[in-house]
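Visitor: If you count the sequence shown from 1, position 120 lands on 1019 in the numbering used here, and the numbers rise without skipping.
Even for Gly, the Cβ is constructed at its ideal location relative to N, Cα and C.
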Amino acid sequence: MKSVKVPAFELFLHEMIPLAKAMGVGVEVSDDSALVLTAPKEQNKNSLNTAFGGSLVSIATLAGYGVVWELMRRDKKSPEEKTQWHIVVKESRAAYRRPVIGDLRAICERPAQAAIAEFKEALARYGKAKLKLRARVIEDGQTAVDVHAAFVVSR
900 MKSVKVPAFE LFLHEMIPLA KAMGVGVEVS DDSALVLTAP KEQNKNSLNT
950 AFGGSLVSIA TLAGYGVVWE LMRRDKKSPE EKTQWHIVVK ESRAAYRRPV
1000 IGDLRAICER PAQAAIAEFK EALARYGKAK LKLRARVIED GQTAVDVHAA
1050 FVVSR
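#1: Which residues does DSSP pair with K1027 in a beta bridge?
#2: Apart from the five residues just before and just after P939, which ones in its own chain have a Cβ nearer than 6 Å to its Cβ?
#3: S991 by DSSP, collapsed to three states: which one?
#4: In chain order, which beta strand (DSSP E) runs of at least 3 residues are fully inside the region 905–971?
#5: Should M893 be labelled buried (16 or more other beta-carbon atoms within 10 Å of its own) or exposed?
#6: Looking at C-alpha atoms only, which residue of A1028, A1011, A1014, R1004 is the closest neighbour of L880?
#7: Would you call the CB atoms of I1006 and A933 closer than 8 Å?
#8: With a threshold of 8 Å on Cβ separation, who are the neighbours of S929 within its own chain once the five nearest residues in sequence on each side are excluded?
#9: Are the beta-carbon atoms of V1052 and S991 separated by less than 8 Å?
The structure is reproduced here in structure tokens:
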């Protein structure tokens, strides 16, 4: 039997953010272009048997949070180094465009290198920086929920 390596961000979510574990959030893809999170509809449905709006905005927010978390984790000198920063959502806006019938799937694209450089420069200079991201819940190739959020990192 082949063992499956669980992504570090998924382990972090399940340990540190109980809602993510209750929702069944998992990492589908984490590559240079995006972070994709999934969750089963069964644990996240409403009385209409579609995905619950709170779950939709939560998984999109967690995808954005994950992009920032992974960005900060890459700056650590070693995996054993204690985290010296905190991530919070400063503001967020969600637009619900259509119901989600099946499982939840949120995509947050990684920011451009210029935005990352500006973010890191502000963090180094002020000990705090803000990064604005867009995450989307996608079903059948269409955006069901569009979330724009600003995440603040402080040391």
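Guide: To lay it out plainly:
#1: S1053
#2: If the five residues before and after P939 are omitted, its C-beta is found closer than 6 Å to the C-beta atoms of G923, D1002, all from its own chain and listed in chain order.
#3: strand
#4: 925–929, 933–938
#5: The shown model of the chain, from 900 to 1054, leaves out residue 893, and the question about it has no answer.
#6: The structure shown does not extend to residue 880, since the chain is modelled only from 900 to 1054, so the question has no answer here.
#7: yes
#8: P906, F908, V935, G965, E969
#9: No, these two residues do not count as a Cβ contact at 8 Å.
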